[in-house]
Structure formats: C-alpha cells, structure tokens
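Letter by letter, the sequence shown follows residues -4 to 109 of the working numbering.
Quick notes on the structure that follows.
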Amino acid sequence: MDKKTLYDSFTKLEQDTDATLHQISDLKREVEALVEENATLRIENQHLRDRLSDLEKQQRPNEEVVEPEMSKSRLNLEKLYEDGFHVCNVFYGSRRVNDEPCAFCLDVIYGDRR
-4 MDKKTLYDSF TKLEQDTDAT LHQISDLKRE VEALVEENAT LRIENQHLRD RLSDLEKQQR
56 PNEEVVEPEM SKSRLNLEKL YEDGFHVCNV FYGSRRVNDE PCAFCLDVIY GDRR
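What follows is the structure, encoded as structure tokens:
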C-alpha cells in the first residue's frame, strides 16, 4: 500500500469517525430531552393523581385525612432526585453521574423542616 492510499484511508476513517461522533452526540441530546420530558410528565401525572384523590376525599368528608410527612414540593424534589437529577442550588437540573448521592440535594429534600 503506498503512502497516498494510506493517507487517504486515514482521512476517510477520520471523517467517518467524526460523523459517527456527531450522530452519537445528537442521540445523547435527544435522550436527555426525552428523560427530562418523562420526569416532567411523571410529576404532572402525580399532580393529577393527587388532585383526583383530593376531589375524592372532598366527596367523602367523613373519612380521616392522613397527610404525608413531607410537603408536595419536597416529594416532587425527591422524585426528581430519584430520577437521577440534581435538585440542589449548586447543580440544579443536571444529571447525577452514575446516580451518586449528593449531600446538597439530600439536605434540600430531607433537611431542616421549619
């Protein structure tokens, strides 16, 4: 194989690799957008279920009402955190790498409740 053919082969391989890298980057952005949309829809769905439950409780006022230990906003933050997103003010909205725990997020969710 002569030098020109070898150089042309490397150039073509480099172009193909760049194209593949761009495709992977585009797919990654699309998956991130889908994951964020999924998290948003889960929260909205939970809100609708809570609202439906509230309406059903209003129709049956004689039953004893049991409130959750955490507020709805903290439960939403907990849900986002469990889905792999930061909820702390330091990294808010970014993905947690390998779902590693974040002390800041845990403090926001479970910290001092005044």
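Where is the CB? At the ideal position from N, CA and C, for every residue including glycine.
Counting C-beta neighbours from all protein chains within 10 Å, is the total for Y76 16 or more, i.e. buried, or is it exposed?
buried
So for R69, helix, strand or coil by DSSP?
helix
C-alpha distance - R24 paired with T0, whole-angstrom precision:
36 Å
Does DSSP put R109 in a helix, in a strand, or in coil?
Low confidence applies to R109: its pLDDT is 49, below 50, so where it sits in the model is not reliable, and the reading given next is rough at best. Coil.
Could you tell me which residues DSSP pairs with R118 in its beta bridges?
Absent from the model: residue 118. The displayed extent of the chain is -4 to 109, so no value can be given.
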